[in-house]
Amino acid sequence: MPCYWWRDHGTWCSVLPAFCQPVSDAVKVRMDEGALLECEANPEVLTSDTMDQFRTFQMCERLLHSPTKLGSQLLYQIPAQNQIILIERYYEFDSVFAREVLGKKLSKGTKKDLDDISCKTGITLKSCRRQFDNFKRVFKVVEELKGPLVENIQRHFLLSDTLARDYAAIVFFANSRFETGKRKLQYLSFQDFAFCAGQLISYWTIGAMDSMMEDMDVDLEKEFLNELKDLKVLVNDKDMMDQHKILVCAALRGKIKVYKLMEVNFKNLSRALINLASKLTHTKDVRDLFIDLVEKFIEPCRYDRWTVAEITLFLTHYTNAAHCLGTFRHQMIWDRYMGVIKSCILQMYHE
Amino acid sequence: MPGKLKAKIVAGRHLPVMDRASDLTDAFVEVKFGNTTFKTDVYPKSLNPQWNSEWFKFEVDDEDLQDEPLQITVLDHDTYSANDAIGKVYIDIDPLLSSEAATVISGWFPIYDTIHGIRGEINVLVKVDLFNDLNRFRQSSCGVKFFCTTSIPRCYRAALVHGFVEELVVNEDPEYQWIDRIRTPRASNEARQRLISLMSGELQRKIGLKVLEMGGNAVVGYLQCFDLEGESGLVVRAIGTACTLDKLIPGTEIKESPLAHGCRSSHNSPVHSACSSQRLSHSQNFSVSVPTLVFTGTGGSPRICEFPFFTLTCFPPGFLVHIGGVVSARSVKLLDRIHNPDEPETRDAWWEEIRQEIKSHAKALGCHAVVGYSESTTICEEVCILSASGTAAMLNPRFMREGSVCVYSRFDDASPPSCGFCHIPYDEFNMPFPAQLTYCYHCRRQKVPDVLFTTIDLPAEAAVTGKGCLIQARLCRTKKKAQGEVNATAISNLLPFMEYELHTQLMNKLKLRCMNALFGLRIQISVGENMLLGLASATGVYLSALPAPGGIQIAGKTPSDLSYDQHISTMQKRINDTIVMNKELYNIHPPECIEEVVGSPIPDRQRSRLFRSTSESSDELSELDLSHGKKDAFVLEIDDTDAVEDIQSLLTDAPIPAGFYSCNTEVMPGIYNWTSGLQMFTSVRVYRLNNANLTNQGLNKIFTDLCENLLKSLYFKLRSMIPCCLCHLNFTVAVPEEELIQVRRHTPKNTSPILSIFPRNILVSIRELEFSVCFCFPGSGENEEQLQFSMELCGESTSSNNQPTAKASVSSVDYGSFADRCSTWLELLRLKAHTIRRGSVKTKVRSRSLRSTRSLPCGAPVTVVKMTPLSFLPRTRIVKYLGIINMFFIRETTSLREEGGVSGFLHSFIAEVFAMVRAHVAALGGNAVVSYSMKECVFMENPNKNQAQCLINVSGDAVIFVRESDQEAIPPLITSGQTSTTGADGTT
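Line by line, the protein sequences are chains A and B.
Using full-length UniProt numbering, you'd call the opening residue of the first sequence number 1 and step up by one each time.
Using full-length UniProt numbering, you'd call the opening residue of the second sequence number 1 and step up by one each time.
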């Protein structure tokens, strides 16, 4: 990962000695790779060549900060394909690193923690800084923009679809400040969270429901979160809860090994999911969405040794059964809620 | 009032933030031509202003049109204080004045500031309406075409070649005016840029006038230089070859040879060239060289000739009859002895003197003309060395205008074209120097010398055995610090020895490579405070017509010592081995010739001849016999350390890595299968020597290593591109002045490995080099293989097609040079961080980019402009010449360290210069610059004050080219990206 970066003219002086470090490191790596065997190179040539590349990169890096300029600038004549590759490579990040900053505020304070992250992940500090700055830059630009998040990122940073989606996840997490750092969440990878973010962006934001809506993709839809309170009826109404249980049990009987345990725990599980929904009006609880999912649902299931297939079946029938409840009138909200919760749980349910 | 210049300012983009408070800029534009200035409205609060101004009209003389540049200044409006300048654009409108060239200049130009570099871009439209004015006494020369190309431009036909034109203008250097003490560096730089722009305009106009008087319509091989003489002024001078060119209509074959006799009469002009320039000198009160010599040809009637010099290096078939050899002259002058420095007379007289000398040398070689002629200077303090060199030759008079060259009587012996030029032009029994002659190995009828040195390109029709290669001789000589006359004397005493040694080195290296001719020879001698540097580069070839070179024998002085003998014999063996190896390497397998018909009684000796002489301010001519005094086979005698060193240097020349070819001529002799892949590199290296009292040998070693390393690093950079050929390798050396060196007394041991290899001091030498890399494919494998380079980047699908030869491992790292720099780098560090992830990620990215159809934003893509020092682009056809590009830039910084030191500063400056050249070409509607060269690159530094200044002068011809066939659609990777690469490579 590129680790040399150019802050601004002011700090360059202090950076200069550090500039030599990556060069000599890089030279060493290239020597170990056997670069000296090619074309009668000697260390001097190799050093100068490396230095040259660092310099070129350093000059390009300024352009890479606003990729849209790269296409119209006159300083470098870079073919379009190469431009795309350059941008893509520059904005690529280590998911290990991204996992660490996920949900944190992209601020100066976090920047100080980069030392620790660097130690923890084994990624060089400079690389961490570049990745962090990339996150921050993308965040700053798209934060206030209207319209679909992924498209905004793609338009302003010319990233590929996959990478833009990953950035969307990072921006989304940073904006809502989801809790991801708890010990119990440590087993989840960046990809897990990115998937969940994708789900949340796609189904729970304003842009998700109404594409014409000129609003931001970054925030969850307030109205929807309020409506989620209505789902409480599923646990507060004793009859409805019993009926729900009967329907689910009927559908699952003989199909899952953990049937017995499910039957015993049904109410707890259902209560966990519904309570989670009803609490989401509070920002604090939104932040705890993932830790709650793990503590209230995933851990009990794991304790009872549910398999993924069993959870899939359970959640499917749990969702569908609610439709058959004559008195339950919040089908739309229910589906919108459960759809996301189901796919998130499935993504998160692993060791 | 014969012209109306119209300019329109359309828009700006990427402007810098000038108002810190709002992070925006209130920009407006001043358009200035001559003394007239127009302003646009202020476009408030935008970094991408849309002025869309009216047409600003300037009504001017065409004289001014030629001299003045259009000056566009972008400013930030400030209500309370003075408006801040953002930057400037100078547009040379000369290309619009010729009817055949561009009709409009329109495009984005980088806004340039001498302190900050490029700051945004501006879109400008410029047109010129010219009224026809046939005033006989006019001072303008609109319509005369200028070409930097040193051959007849590709889409023209030479009807007549009129001959040499030269001009010189002098002005006070703004940097040395009293006002410079009080104005800002920016103002001073801008004054200088503007002055040089004006002076080159004036120079071009005056040369154009001369051409018109001669009856020509174009100047080919136009070479403009400027001398920064310091206190005594700033000189801009130019030489060129006046021609009458006819445009070739594409598609029609010209069957009639251009030699038709009728041409001569059809182009008669009322005045003889000689007289005309004389008249000119009276009427305009500027001096031109007055014809002083009456030269009598061997056969023809006496005619008046001025200088029968030609700056061309490449000629139409049949033009060149015989070649005599290299002629050169140098002269050491003292600049503080000029009586009236503001007038050009003194310098004119100096050059006149040198040209006369060259002419007499050529005459001694039995030649009536000098081709491949060039002039140069090197200045250190008040000492100035003027040099001129060329190749003495006999030319076919039918191309000439009457009077410009004397008719050669023996013209009608029909020599076969493939060897005719090798035949000696001088009289066998009255040879100007001792030489060994044999009958031509090709036609067996005429005599040829055994070695031939020339400054021209290899004639296309020449028969060559094997391939050519770059041969360089490098030399350093220390001298004592001195002042004035003493210094000049010391230098002029050293010069002959330097030339002799360079010549010996060249000869040895030539023999070692088993070759017998040098083309494109360029000897550069630079003078510094306490040393002289000599660098000779040429392309060696084996001409089939010339005899095979003998080997090199080493003789010891004291044969008694046994170990000494042994030492010598091992050396001899090494030399013999090298010769055999080189024969193989360059594929030189001449047909064995047994019969040794020696025409001259003089035994084997070295004889290519270099006439030179040095004259200090006086006119004494000294001649030096450069041929070795040995009477037997080519012997190197080891009698002192010098000789040992010679042999060492001979053998330590690193061989070229396999797959690389290099030459300093336009095309590589012996290689014919070019692809259209082409890229240009410019590399500048600054080197500091430490303070230690270095010996000549020590210096030589350092200098040689420097050159070798430079070449090595080029090979290394291009390693993934092989097979490739480095063409037109052009080295320039400079030893900057003392004042900047003295400042650097402190000797910090620099910790960085690259920034300085030696602790700083004493000498700074700048090396600059530019060349073109052509890709060529030995053997047959044409198109498919060709794609190998270009497609590398674009993904797996294609790379799998051409597997057999593709160096998969390497190619995946290097994506052609631009991307190369970044991606190797990315690759490298990625590797460091995650060895495991690497493979998968890479393929992912690649396939993604392959699929990706995302277009880059900002509407129209930037036009791709190729740049090359060659006069052509392989496998393409130049359809139109749009005019000459001649630009001069100054860049200064007061924060050298912050900009990445000398290397960083030069690197970004050269990148900026390239960007500006490309922008100008694109605005003219062109898509390439041919015959590009960086004429001047002067770097000055004051590390104590953290300051540096650099001046760059570039020139070239803007052209439109088309690919020869559409099938050969090369993806843009190869064709475009590389030209942008500035290998500004500095070692501080």
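A virtual CB, placed ideally from N, CA and C, is assigned to each residue, including glycine.
If you're wondering where the values come from, they're calculated on a predicted model, not measured in any experiment.
Which residues does DSSP pair with R719 of chain B in a beta bridge?
-> According to DSSP, which records beta bridges pairwise, R719 of chain B is partnered with nothing at all.
Measure the beta-carbon distance from A164 of chain A to G198 of chain A and round it to whole angstroms, keeping in mind my assumption that it falls under 8 Å.
-> About 11 Å separates the two Cβ atoms, so there is no contact after all.
Determine the DSSP secondary structure at Y76 of chain A, reduced to helix, strand or coil.
-> It is coil, neither helix nor strand.
DSSP three-state assignment for L64 of chain A, whether helix, strand or coil = DSSP places L64 of chain A in helix when its eight states are reduced to three.
Whose CA, out of A:Y337, A:F224 and A:R99, lies closest to the CA of F178 of chain A?
-> Taking only the C-alpha atoms, the option nearest F178 of chain A is A:R99.
Output yes if chain B places a C-beta closer than 8 Å to the C-beta of W12 of chain A; else output no.
-> With a pLDDT of 30 at W12 of chain A, under the threshold of 50, the modelled position of this residue cannot be trusted; read the value that follows with caution. W12 of chain A counts as touching chain B.
By Cβ distance, which residues of its chain are closer than 7 Å to N82 of chain A, with the 5 residues on each side in sequence left out?
-> Exclusion of the five residues before and after N82 of chain A leaves no residue of its chain whose Cβ lies closer than 7 Å to its Cβ.
What did DSSP end up calling A158 of chain B once you bin it into helix, strand or coil?
-> A158 of chain B: strand per DSSP, three-state reduction.
Thinking just about the alpha-carbon of each residue, which of B:I456, B:G698, B:N530 and B:A948 is nearest to the one in G901 of chain B?
-> Comparing alpha carbon positions, the residue from B:I456, B:G698, B:N530 and B:A948 closest to G901 of chain B is B:A948.
A911 of chain B versus chain A: which residues are under 8 Å apart at the beta carbon?
-> Close to A911 of chain B, with beta-carbon spacing below 8 Å, are these residues of chain A in chain order: M59, L75 and Y76.
Sheet register partners of L475 of chain B (DSSP bridge) = B:G534.
Grab me the residues of C384 of chain B's own chain with a C-beta within less than 8 Å of its C-beta, minus the 5 sequence neighbours each way, in chain order.
-> Cβ within range, chain order: D227, E229, V332, K333, L334, L335, T377 and T378.
Measure from the C-beta of R55 of chain A to each C-beta in chain B and report whether the shortest distance is under 8 Å.
-> Yes, contact with chain B.
Supposed contact pair V930 of chain B and D957 of chain B - C-beta distance, whole angstroms, cut 8 Å | Their Cβ separation, rounded to whole angstroms, is 5 Å, which keeps D957 of chain B and V930 of chain B in contact under 8 Å.
Please compile the residues from chain A whose C-beta is within a distance smaller than 9 Å of the C-beta of R918 of chain B.
-> Here the neighbours are L74 and Q77.
If we cut at 8 Å on Cβ distances, does V150 of chain A have a partner in chain B?
-> No, V150 of chain A does not count as interfacial toward chain B.
Give the C-beta separation of G540 of chain B and M507 of chain B to the nearest angstrom, bearing in mind that I take them to be a contact with Cβ-Cβ under 8 Å.
-> Contact doesn't hold; Cβ gap of about 10 Å is too wide.
Sequence-distant residues of the same chain with beta carbon closer than 7 Å to Q243 of chain A, five excluded per side = L325.
Using the rule of at least 16 other Cβ atoms within 10 Å of the residue's Cβ for burial, across every protein chain shown, is F131 of chain B buried or exposed?
-> Label assigned to F131 of chain B: exposed.
Name the residue from B:I554, B:M498 and B:P874 whose alpha carbon lies nearest to the alpha carbon of I671 of chain B.
-> It is B:P874.
Are the beta-carbon atoms of M240 of chain A and T319 of chain A separated by less than 8 Å?
-> No, Cβ-Cβ distance for M240 of chain A and T319 of chain A is not below 8 Å.
Pairwise C-alpha distance: L458 of chain B and F135 of chain A | Approximately 58 Å between the Cα atoms of the pair.
Using a Cβ cut-off of 8 Å (strictly closer), state whether N134 of chain A contacts chain B.
-> N134 of chain A does not count as touching chain B.
Taking V128 of chain B and I91 of chain B to be in contact with their CB atoms under 8 Å, please state how far apart those CB atoms are, rounded to whole angstroms.
-> The C-beta separation of V128 of chain B from I91 of chain B comes to about 11 Å, leaving the pair out of contact by the 8 Å criterion.
Kindly say whether N320 of chain A, judged by its beta-carbon, lies nearer than 8 Å to any beta-carbon of chain B.
-> Not one beta carbon of chain B lies nearer than 8 Å to the beta carbon of N320 of chain A.
Compare the C-beta of G904 of chain B with all C-beta atoms of chain A and state if any pair is closer than 8 Å.
-> Chain A, which has a Cβ nearer than 8 Å to the Cβ of G904 of chain B, makes this yes.
May I ask which residues mark the beginning and end of the beta strand (DSSP E) holding T184 of chain B?
-> Segment: none, T184 of chain B is in no beta strand (DSSP E) and carries neither H nor E.
Are the C-beta atoms of S118 of chain A and some chain B residue less than 8 Å apart?
-> Cβ-Cβ to chain B under 8 Å: no for S118 of chain A.
For P449 of chain B, which beta-bridge partners are listed by DSSP?
-> B:L437, per the DSSP bridge assignment.
For V258 of chain A, which of helix, strand or coil comes out of DSSP?
-> Of the three classes helix, strand and coil, the one that applies to V258 of chain A here is coil, per DSSP.
What residues in the segment 696–724 of chain B have a beta carbon less than 8 Å from any beta carbon of chain A?
-> Along the segment 696–724 of chain B, going in chain order, the ones with a CB nearer than 8 Å to a CB of chain A are N709, K712, S713, Y715, F716, K717 and R719.
Taking the continuous alpha helix (DSSP H) assigned at S908 of chain B, which residues delimit it?
-> Per DSSP, S908 of chain B belongs to the alpha helix (DSSP H) from G901 to A923.
M923 of chain B and I105 of chain B: beta carbons closer than 8 Å?
-> The amino acid at residue 923 of chain B is misidentified as Met; the sequence shows Ala. A Cβ-Cβ contact shorter than 8 Å links A923 of chain B with I105 of chain B.
Between the C-alpha atoms of P153 of chain B and I179 of chain B, what's the straight-line distance to the nearest angstrom?
-> In this model, P153 of chain B and I179 of chain B are separated by some 44 Å (Cα to Cα).
Three-way DSSP call (helix, strand, coil) for residue 998 of chain B in this model | Here chain B comprises residues numbered 1 to 988, so residue 998 of chain B is not present and cannot be evaluated.
Give the secondary structure of A958 of chain B by DSSP, where H, G and I count as helix, E and B as strand, and everything else as coil.
-> Correct three-state label for A958 of chain B: strand.
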